[in-house]
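For the protein sequence lines, the chains are A and B, in the order given.
Position 212, counted from 1, in the first sequence is what UniProt numbering calls 212; the numbers after and before it change by one each time, with no gaps.
Position 228, counted from 1, in the second sequence is what UniProt numbering calls 228; the numbers after and before it change by one each time, with no gaps.
Protein chains: 2
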Amino acid sequence: MAGIFQRTPKLWTALRHLSPHSTLSSTATTRLSPVDLHTPFLTCSSGQFVAATRKLHGAGAGGLKPSPAAAPERLPFSRVTQEDLVFFRKILPGRTITDPDLLESSNVDWLKTVRGSSELLLRPQTTEEVSQVLSYCNSRNLAVNPQGGNTGLVGGSVPVYDEIILSTALMNNILTFDSISGILTCQAGCVLENLSLYLEERDYIMPLDLGAKGSCQIGGNVATNAGGLRLLRYGSLHGTVLGLEVVLADGRVLDCLAALRKDNTGYDLKQLFIGSEGTLGVITAVSVLCPRKPKSVNVVFLGCETFEQLLRTFQLCKGMLGEILSAFEFLDSECMRLLNTHLKLSNPISECPFYVVIETSGSDPTHDGEKLHNFLEEAMTSSLVTDGTVATEESKIKTLWSMRERVTEALTHDGFTYKYDISLPVEQIYQLVTDMRQHLGDRARSVVGYGHVGDGNLHLNITSPAKDPSLLAAIEPFIYEWTASCQGSISAEHGLGLKKRNYIYYSKPSQAVALMGNIKAMLDPKGILNPYKTLPDNIK
Amino acid sequence: MAGIFQRTPKLWTALRHLSPHSTLSSTATTRLSPVDLHTPFLTCSSGQFVAATRKLHGAGAGGLKPSPAAAPERLPFSRVTQEDLVFFRKILPGRTITDPDLLESSNVDWLKTVRGSSELLLRPQTTEEVSQVLSYCNSRNLAVNPQGGNTGLVGGSVPVYDEIILSTALMNNILTFDSISGILTCQAGCVLENLSLYLEERDYIMPLDLGAKGSCQIGGNVATNAGGLRLLRYGSLHGTVLGLEVVLADGRVLDCLAALRKDNTGYDLKQLFIGSEGTLGVITAVSVLCPRKPKSVNVVFLGCETFEQLLRTFQLCKGMLGEILSAFEFLDSECMRLLNTHLKLSNPISECPFYVVIETSGSDPTHDGEKLHNFLEEAMTSSLVTDGTVATEESKIKTLWSMRERVTEALTHDGFTYKYDISLPVEQIYQLVTDMRQHLGDRARSVVGYGHVGDGNLHLNITSPAKDPSLLAAIEPFIYEWTASCQGSISAEHGLGLKKRNYIYYSKPSQAVALMGNIKAMLDPKGILNPYKTLPDNIK
Numbered sequence: 001m002a003g004i005f006q007r008t009p010k011l012w013t014a015l016r017h018l019s020p021h022s023t024l025s026s027t028a029t030t031r032l033s034p035v036d037l038h039t040p041f042l043t044c045s046s047g048q049f050v051a052a053t054r055k056l057h058g059a060g061a062g063g064l065k066p067s068p069a070a071a072p073e074r075l076p077f078s079r080v081t082q083e084d085l086v087f088f089r090k091i092l093p094g095r096t097i098t099d100p101d102l103l104e105s106s107n108v109d110w111l112k113t114v115r116g117s118s119e120l121l122l123r124p125q126t127t128e129e130v131s132q133v134l135s136y137c138n139s140r141n142l143a144v145n146p147q148g149g150n151t152g153l154v155g156g157s158v159p160v161y162d163e164i165i166l167s168t169a170l171m172n173n174i175l176t177f178d179s180i181s182g183i184l185t186c187q188a189g190c191v192l193e194n195l196s197l198y199l200e201e202r203d204y205i206m207p208l209d210l211g212a213k214g215s216c217q218i219g220g221n222v223a224t225n226a227g228g229l230r231l232l233r234y235g236s237l238h239g240t241v242l243g244l245e246v247v248l249a250d251g252r253v254l255d256c257l258a259a260l261r262k263d264n265t266g267y268d269l270k271q272l273f274i275g276s277e278g279t280l281g282v283i284t285a286v287s288v289l290c291p292r293k294p295k296s297v298n299v300v301f302l303g304c305e306t307f308e309q310l311l312r313t314f315q316l317c318k319g320m321l322g323e324i325l326s327a328f329e330f331l332d333s334e335c336m337r338l339l340n341t342h343l344k345l346s347n348p349i350s351e352c353p354f355y356v357v358i359e360t361s362g363s364d365p366t367h368d369g370e371k372l373h374n375f376l377e378e379a380m381t382s383s384l385v386t387d388g389t390v391a392t393e394e395s396k397i398k399t400l401w402s403m404r405e406r407v408t409e410a411l412t413h414d415g416f417t418y419k420y421d422i423s424l425p426v427e428q429i430y431q432l433v434t435d436m437r438q439h440l441g442d443r444a445r446s447v448v449g450y451g452h453v454g455d456g457n458l459h460l461n462i463t464s465p466a467k468d469p470s471l472l473a474a475i476e477p478f479i480y481e482w483t484a485s486c487q488g489s490i491s492a493e494h495g496l497g498l499k500k501r502n503y504i505y506y507s508k509p510s511q512a513v514a515l516m517g518n519i520k521a522m523l524d525p526k527g528i529l530n531p532y533k534t535l536p537d538n539i540k
Numbered sequence: 001m002a003g004i005f006q007r008t009p010k011l012w013t014a015l016r017h018l019s020p021h022s023t024l025s026s027t028a029t030t031r032l033s034p035v036d037l038h039t040p041f042l043t044c045s046s047g048q049f050v051a052a053t054r055k056l057h058g059a060g061a062g063g064l065k066p067s068p069a070a071a072p073e074r075l076p077f078s079r080v081t082q083e084d085l086v087f088f089r090k091i092l093p094g095r096t097i098t099d100p101d102l103l104e105s106s107n108v109d110w111l112k113t114v115r116g117s118s119e120l121l122l123r124p125q126t127t128e129e130v131s132q133v134l135s136y137c138n139s140r141n142l143a144v145n146p147q148g149g150n151t152g153l154v155g156g157s158v159p160v161y162d163e164i165i166l167s168t169a170l171m172n173n174i175l176t177f178d179s180i181s182g183i184l185t186c187q188a189g190c191v192l193e194n195l196s197l198y199l200e201e202r203d204y205i206m207p208l209d210l211g212a213k214g215s216c217q218i219g220g221n222v223a224t225n226a227g228g229l230r231l232l233r234y235g236s237l238h239g240t241v242l243g244l245e246v247v248l249a250d251g252r253v254l255d256c257l258a259a260l261r262k263d264n265t266g267y268d269l270k271q272l273f274i275g276s277e278g279t280l281g282v283i284t285a286v287s288v289l290c291p292r293k294p295k296s297v298n299v300v301f302l303g304c305e306t307f308e309q310l311l312r313t314f315q316l317c318k319g320m321l322g323e324i325l326s327a328f329e330f331l332d333s334e335c336m337r338l339l340n341t342h343l344k345l346s347n348p349i350s351e352c353p354f355y356v357v358i359e360t361s362g363s364d365p366t367h368d369g370e371k372l373h374n375f376l377e378e379a380m381t382s383s384l385v386t387d388g389t390v391a392t393e394e395s396k397i398k399t400l401w402s403m404r405e406r407v408t409e410a411l412t413h414d415g416f417t418y419k420y421d422i423s424l425p426v427e428q429i430y431q432l433v434t435d436m437r438q439h440l441g442d443r444a445r446s447v448v449g450y451g452h453v454g455d456g457n458l459h460l461n462i463t464s465p466a467k468d469p470s471l472l473a474a475i476e477p478f479i480y481e482w483t484a485s486c487q488g489s490i491s492a493e494h495g496l497g498l499k500k501r502n503y504i505y506y507s508k509p510s511q512a513v514a515l516m517g518n519i520k521a522m523l524d525p526k527g528i529l530n531p532y533k534t535l536p537d538n539i540k
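Pasting the structure below:
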């Protein structure tokens with residue numbers, strides 16, 4: 001049985017005047033799960049929250065089993081007392097938030113599919129404050145949900161029950177920037193776009209770029225090992241992050257904040273925290289190696305008759321564009337149909353089964369232009385591509401990129417969307433779309449494929465007129481089994497969070513998952529950090 | 001008291017006929033330390049090895065303390081019995097080596113400064129065999145020294161006492177190569193140069209290149225997080241290694257051999273083993289992302305009047321050569337003097353305090369040439385460099401590179417060499433050389449600096465007519481304290497191994513070292529894997 005609840009400001013006023021030892025919520029809420037916000041909220045009765053009963057995700061018609069994405073029982077963490085609040089207010093005066101209106105946006109994820117019920121948001125400004133908070137929470141057995149920009153897509157960035165939300169938003173200082181080496185050191189709460197603007201003024205760029213850059217924070221990017229648009233060129237954060245400062249569950253500060261390109265003194269501990277989704281420690285500062293800002297950027301939009309030709313185009317492109325290639329993205333004709341239908345975007349070239357967006361960035365506009373010209377000539381004469389257009393001006397570049405970037409938006413107009421983020425050997429990424437289409441037949445409204453060919457990363461999206469448990473049952477575990485059979489990853493860049501934690505075995509063997517459990521137990525023996533996330537329910 | 005021993009083939013013949021339960025060596029050898037091979041070896045008496053007493057490294061004249069590099073007491077591991085040999089011969093027929101002549105080269109490191117006394121070399125061919133060996137050794141409490149090409153510089157690749165040497169040399173199969181994604185998967189024992197040749201035929205290269213490429217193995221490269229000549233361009237192995245297969249101390253096989261650019265399903269466990277120097281597991285297979293082979297390579301040799309001008313040249317270079325810059329190395333005039341004196345290499349340009357080697361590699365010879373021309377023109381007209389020469393032909397490229405690469409060889413002719421591999425913020429790398437020169441005054445014959453400016457990595461070498469404990473005492477801990485005061489690393493790319501394990505605290509805080517100890521205890525609770533290495537003596 002699942003339940004969610006909503007609080008009124010009036011109730012909160014009453015709660016704030018409870019006796020020091022009473023808990024802020026006495027509701028025994030159980031089996032919370034990722035929720036659609038359209039599900040009716042709970043009502044408040046007699047000064048207490050009452051958990052409305054609600055069917056488990058996928059447990060509707062047809063006698064389907066509960067989804068593995070459903071949250072497990074609330075673990076026996078302590079509840080926040082008035083004494084706790086006194087402590088937090090002492091160390092974080094004015095930054096200990098209990099107003100439910102202010103908490104609202106921190107309790108709900110960006111996709112608005114997961115809602116927690118935290119009653120306390122802490123906003124530290126320094127590492128020392130984070131350390132004091134975690135030391136206290138660990139001793140009190142209070143669960144903590146570290147939160148950056150809250151832009152994650154797998155329910156990892158919001159509380160599941162009443163975990164204290166520890167926001168890094170006020171830790172937003174740039175600490176140092178070395179204009180010779182390009183190494184930036186900053187606090188975890190710096191917003192990615194702010195860092196980009198800071199660097200661009202100094203002729204550098206961040207090694208990563210995301211659609212969510214206006215909100216996401218560098219600490220969250222690192223904690224989730226964010227991929228994004230520049231990975232093809234600059235590699236993953238495991239390579240570009242040079243140092244981290246992390247506060248462990250018991251408040252110890254782990255200083256691995258070296259701003260050095262090379263350091264082989266012992267195990268590279270910082271790597272453990274990159275992609276651990278806040279379950280092993282709270283990242284408080286980051287040092288990252290930044291590339292020089294390119295002087296020239298070009299974008300091409302091409303059409304291919306088959307996916308095989310698209311892959312051959314990718315190969316040709318790697319050879320002829322070489323060091324200036326910075327993106328190789330694709331979308332299929334179904335995506336184009338949705339862009340046309342729902343967003344009225346017109347196809348800039350003639351109709352094709354597949355479309356490619358190629359970006360180059362380099363240090364010499366003339367050279368880049370020549371390389372691109374030679375590549376396009378070769379691609380056209382060898383009939384790998386059937387049509388294409390090039391953009392060198394900012395506005396036309398944006399127009400071409402929008403054909404790729406606005407697919408997500410077009411999908412939201414097509415119906416309820418089931419979203420998957422799959423990593424596969426590059427030769428196989430489109431076969432999954434074809435097989436899924438055949439497997440679902442008429443049950444889906446649209447089955448579309450797009451994504452980062454250069455990274456072997458497919459975004460497979462399936463729409464239906466409304467939420468449809470039987471459709472979901474046809475998609476899962478089919479999609480995960482298919483991916484596993486190709487040694488793919490069921491989460492290329494989004495992480496596991498709450499929603500996908502129990503699917504981990506499709507991509508990782510049991511020995512690996514068990515070892516992850518050991519690492520969690522070693523670093524956070526009480527399990528207070530971001531509980532119910534990343535690791536599957538059958539290990540602690 | 002330190003001791004080393006040397007065995008004669010005659011003695012070994014006798015040993016091989018000992019009764020099944022007798023140990024292969026009954027010598028209670030204590031306090032072995034890194035040794036100069038010129039130190040007189042032990043003699044054999046009455047069928048037993050006798051440990052000759054020998055002064056500790058640095059414990060000579062002047063009442064100096066024992067060097068922290070000296071090995072600790074032999075830990076209470078079991079000794080290999082005839083029963084053990086029967087087991088190993090059963091699973092590794094013909095590949096269980098006890099002949100001391102065959103063991104000789106595996107017991108001594110490449111620099112010939114550290115010697116172990118292993119009496120057993122195992123040469124598995126498969127992961128399953130490695131698993132069986134480790135499972136057995138763990139249950140019998142037998143220590144194991146994993147060994148690749150044995151080209152390490154810090155005594156990490158040879159046994160300290162009688163650890164069983166587990167060689168990956170016969171695990172040398174390439175498993176798969178995907179010519180679209182450039183992802184190579186191979187066994188750990190593949191020699192780096194063989195992989196490079198294999199890839200070059202397919203229009204790709206390895207993302208790393210080392211002087212030791214003809215001997216070093218990819219498994220060892222990964223285990224030591226090797227840096228080398230291409231790091232500036234392609235980044236560290238933490239970014240380019242996509243998957244690992246590792247056998248844990250108890251024989252469990254950890255399969256993280258994904259050949260995917262993106263995979264965010266749980267903690268990135270493989271990262272733990274990159275740079276762990278064989279102390280956490282034995283790497284048996286690797287998958288790595290390989291770049292396309294460049295179509296054009298150029299090398300320039302330049303002279304600068306000051307190190308500040310050299311740094312400004314580096315900045316200019318990053319801006320104007322951008323994406324084609326693949327190396328920015330330096331040597332000082334003292335290096336040039338040694339090259340002239342000892343190797344009769346003549347300076348290709350006029351005399352300068354500092355020399356720079358810049359390499360470009362790209363996909364278009366004309367474009368690369370133009371970029372280089374523009375950069376050189378700017379560097380000369382702005383007086384950043386005073387003289388220079390360019391090479392585009394293979395033979396001249398080699399000649400220019402040899403000015404940088406043969407400094408190590410020239411040093412060996414200058415006397416006994418104290419070698420340091422330091423990582424510093426790039427602005428500070430030469431100040432250490434200047435300060436060291438002033439600090440040592442007349443006590444050193446030569447104090448020279450060279451290295452990878454692009455990576456902030458200084459190779460500081462100090463020579464004297466002979467081994468000189470008082471000179472060593474003047475160098476250390478001065479050099480480590482200086483490095484620590486700049487938040488540098490006392491081992492940029494060589495690792496810690498046996499020689500530098502106790503210096504770790506100069507670059508890592510105690511919390512970090514303690515956590516490394518926890519990880520070691522979790523993965524290898526009996527401590528059988530590469531004991532006495534990487535971690536300091538005061539933690540297990």
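Ideal placement from N, C-alpha and C gives every residue a C-beta, glycine not left out.
**Report entry** First through last residue of the alpha helix (DSSP H) which encompasses residue 167/A
**Finding:** The sequence position of residue 167/A within the first sequence is 167, counting from 1. Where residue 167/A is concerned, there is no enclosing alpha helix (DSSP H), although the beta strand (DSSP E) it sits in stretches over 164–167.
Query raised in the report: Can you name, in chain order, every residue of its own chain whose Cβ lies under 8 angstroms from the Cβ of residue 258/A, other than the five neighbours on each side?
Result: Locating residue 258/A in the first sequence gives position 258, where the first residue counts as 1. Within the same chain, residue 258/A has close Cβ partners 242, 243 and 287.
Report task. Report all residues from its chain with a CB closer than 8 angstroms to the CB of residue 346/A; omit the five preceding and five following residues, and keep chain order. Result -> Here the question's residue 346/A lines up with position 346 in the first sequence. Closer than 8 angstroms at the Cβ level, and outside the excluded window around residue 346/A, lie 340.
Query - Proximal residues of chain B, C-beta to C-beta of residue 494/A below 8 angstroms - result: Along the first sequence, read from residue 1 onward, the residue named residue 494/A stands at position 494. The contacting residues are 264.
Requested in this report: Measure from the C-beta of residue 544/B to each C-beta in chain A and report whether the shortest distance is under 8 angstroms.
Outcome: For chain B, the structure presents residues 1 to 540; residue 544/B sits outside this window and is missing.
Requested in this report: Let me know if residue 447/A comes out buried or exposed under the rule of 16 or more other beta-carbons within 10 Å of its beta-carbon.
Outcome: Within the first sequence, numbered from 1, the residue matching residue 447/A stands at position 447. Buried is the call here.
Query - Beta-carbon proximity of residue 359/A to residue 297/A, cut-off 8 angstroms - result: Reading the first sequence from its first residue, position 359 is the one you call residue 359/A. Reading the first sequence from its first residue, position 297 is the one you call residue 297/A. Going by C-beta atoms, residue 359/A is nearer than 8 angstroms to residue 297/A.
Requested in this report: Below 8 angstroms on the Cβ atoms is my guess for residue 303/A versus residue 350/A; work out the distance and round it to an integer in Å.
Outcome: Taking the first sequence and counting its residues from 1, one reaches residue 303/A at position 303. Taking the first sequence and counting its residues from 1, one reaches residue 350/A at position 350. Residue 303/A to residue 350/A, Cβ: 7 angstroms. Contact.
**Report entry** Entirely enclosed alpha helix (DSSP H) segments - the segment 285–361 of chain A, minimum 4 residues
**Finding:** 307–321 and 333–343
Requested in this report: Run the CB neighbour count on residue 277/B, radius 10 Å, all protein chains shown included, and call it buried at 16 or more, exposed below.
Outcome: By one-based count along the second sequence, residue 277/B stands at place 277. So residue 277/B counts as buried.
Report task. Go through its chain and collect everything with a Cβ distance to residue 177/A's Cβ below 6 angstroms, but skip five positions before and after it. Result -> The count along the first sequence starts at 1 and reaches residue 177/A at position 177. Only 184 meet the Cβ criterion.
**Report entry** Classification of residue 493/B by the beta-carbon crowding that lies within 10 angstroms, buried from 16 upward
**Finding:** As a working note, residue 493/B is residue 493 in the second sequence. Looking at its Cβ environment, which holds 16 or more other Cβ atoms inside 10 Å, residue 493/B is buried.
Query raised in the report: So which residues on chain B does residue 371/A lean against when the C-beta distance must stay under 9 angstroms?
Result: Counting from 1 along the first sequence, the entry for residue 371/A is found at position 371. In chain order: 363, 364 and 367.
Requested in this report: Flag this pair as yes or no: are the beta carbons of residue 533/A and residue 138/A separated by less than 8 angstroms?
Outcome: On the first sequence, position 533 is the one that residue 533/A refers to. On the first sequence, position 138 is the one that residue 138/A refers to. No, these two residues do not count as a Cβ contact at 8 angstroms.
Query raised in the report: Touching or not, the segment 415–432 of chain B and the segment 466–485 of chain B, by the rule of three or more beta carbon pairs under 8 angstroms?
Result: yes
Query raised in the report: Are the C-beta atoms of residue 419/B and some chain A residue less than 8 angstroms apart?
Result: Indexing the second sequence from 1 puts residue 419/B at position 419. No - not a single Cβ of chain A is within 8 angstroms of the one on residue 419/B.
Query - Beta-carbon gap between residue 95/B and residue 122/B smaller than 8 angstroms - result: For the purposes of this step, residue 95/B is identified with residue 95 of the second sequence, where counting begins at 1. For the purposes of this step, residue 122/B is identified with residue 122 of the second sequence, where counting begins at 1. Yes; because the gap between Cβ atoms is below 8 angstroms, this pair is in contact.
Report task. Output the distance between the C-alpha atoms of residue 155/A and residue 503/A, rounded to the nearest integer angstrom. Result -> Locating residue 155/A in the first sequence gives position 155, where the first residue counts as 1. Locating residue 503/A in the first sequence gives position 503, where the first residue counts as 1. Residue 155/A and residue 503/A: Cα-Cα distance of roughly 14 angstroms.
Report task. Indicate whether residue 144/B and residue 134/B have their beta-carbon atoms separated by less than 8 angstroms. Result -> Within the second sequence, residue 144/B is the residue found at index 144, counting from 1. Within the second sequence, residue 134/B is the residue found at index 134, counting from 1. Taking 8 angstroms as the Cβ cut-off, residue 144/B and residue 134/B qualify as a contacting pair.
Query raised in the report: Relative to the alpha-carbon of residue 73/B, which residue among 161/B, 519/B and 329/B has its alpha-carbon at the smallest distance?
Result: Taking the second sequence and counting its residues from 1, the one referred to as residue 73/B is at position 73. The shortest Cα separation from residue 73/B among 161/B, 519/B and 329/B belongs to 161/B.
**Report entry** Residue from 453/B, 498/B and 411/B whose Cα sits closest to the Cα of residue 357/B
**Finding:** On the second sequence, position 357 is the one that residue 357/B refers to. The shortest C-alpha to C-alpha distance from residue 357/B to any of 453/B, 498/B and 411/B is the one to 453/B.
Requested in this report: Select from 188/B, 273/B, 325/B and 179/B the residue whose C-alpha is nearest the C-alpha of residue 316/A.
Outcome: As a position in the first sequence, residue 316/A is number 316, starting the count at 1. Here the closest residue by C-alpha is 179/B.
Query raised in the report: Could you give the residue range of the alpha helix (DSSP H) that holds residue 136/B?
Result: As a position in the second sequence, residue 136/B is number 136, starting the count at 1. Where residue 136/B is concerned, the enclosing alpha helix (DSSP H) stretches over 127–140.
Query raised in the report: What in chain A is Cβ-close to residue 490/B, meaning under 8 angstroms?
Result: Taking the first residue of the second sequence as 1, we reach residue 490/B at position 490. Those are 265, listed as they occur along chain A.
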